[in-house]
Structure formats: structure tokens, C-alpha cells
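Enquirer: Residues are numbered in the working numbering as their position in the sequence shown, beginning at 1, plus a constant of 577.
Idealized CB from N, CA, C, for every residue including glycine.
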Amino acid sequence: MNNVLMMPLQENIPEPKHKDWKPAVCPVCGAPCWESAQARILIRKMPGILKACTNCALKGQGE
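(1) With 16 other CB atoms within 10 Å as the buried threshold, where does ALA614 fall?
(2) Use the C-beta contact count for MET623: other C-beta atoms within 10 angstroms, 16 or more gives buried, fewer gives exposed.
(3) Helix, strand or coil for LYS599? Go by DSSP, reduced to three states.
(4) Taking Cβ positions, are PRO609 and GLN587 nearer each other than 7 Å?
(5) From the DSSP secondary-structure annotation, give me the bridge partner or partners of LYS594.
(6) Buried or exposed for LYS599, please, with buried defined as at least 16 other CB atoms from any protein chain shown within 10 angstroms of its CB.
Encoded structure:
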């Protein structure tokens with residue numbers, strides 16, 4: 578089982594909820610997302626983690 582980092586979609590959350598949220602793009606579908614500071618830490622500490630927007634992650638996709 579792969580670990581998938583779920584990124585909130587900007588269409589669901591138009592304004593960042595926290596100051597550390599940065600714009601990102603889903604590597605699966607290209608949808609605009611948000612990437613948090615916690616997500617960036619996980620990406621550094623877990624190089625094999627898959628990233629996806631919430632829609633793609635719930636469908637079992639990720640890159």
C-alpha cells in the first residue's frame with residue numbers, strides 16, 4: 578500500500594486556510610490545489626510519497 582499525500586482543492590477552499598499554504602498543482606489531473614508546510618515536510622522526509630488532489634486520492638490515484 579502506498580502513502581498518498583492529499584492536497585485540498587482550491588475549488589473547494591478558494592482562500593488558503595493557513596498562512597503556510599502555497600498554491601500547488603495535482604500531478605495526476607492538473608487541478609489547482611493547496612500544499613501546506615506539513616505536506617512539504619512529509620515530501621522531504623518520505624521521498625516515495627505519492628501526491629494527489631483529494632479527488633484523485635479518493636479514486637486511488639497518485640504520483
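Expert: Let me lay it out:
(1) exposed
(2) exposed
(3) strand
(4) yes
(5) Beta-bridge pairing links LYS594 to no other residue.
(6) exposed
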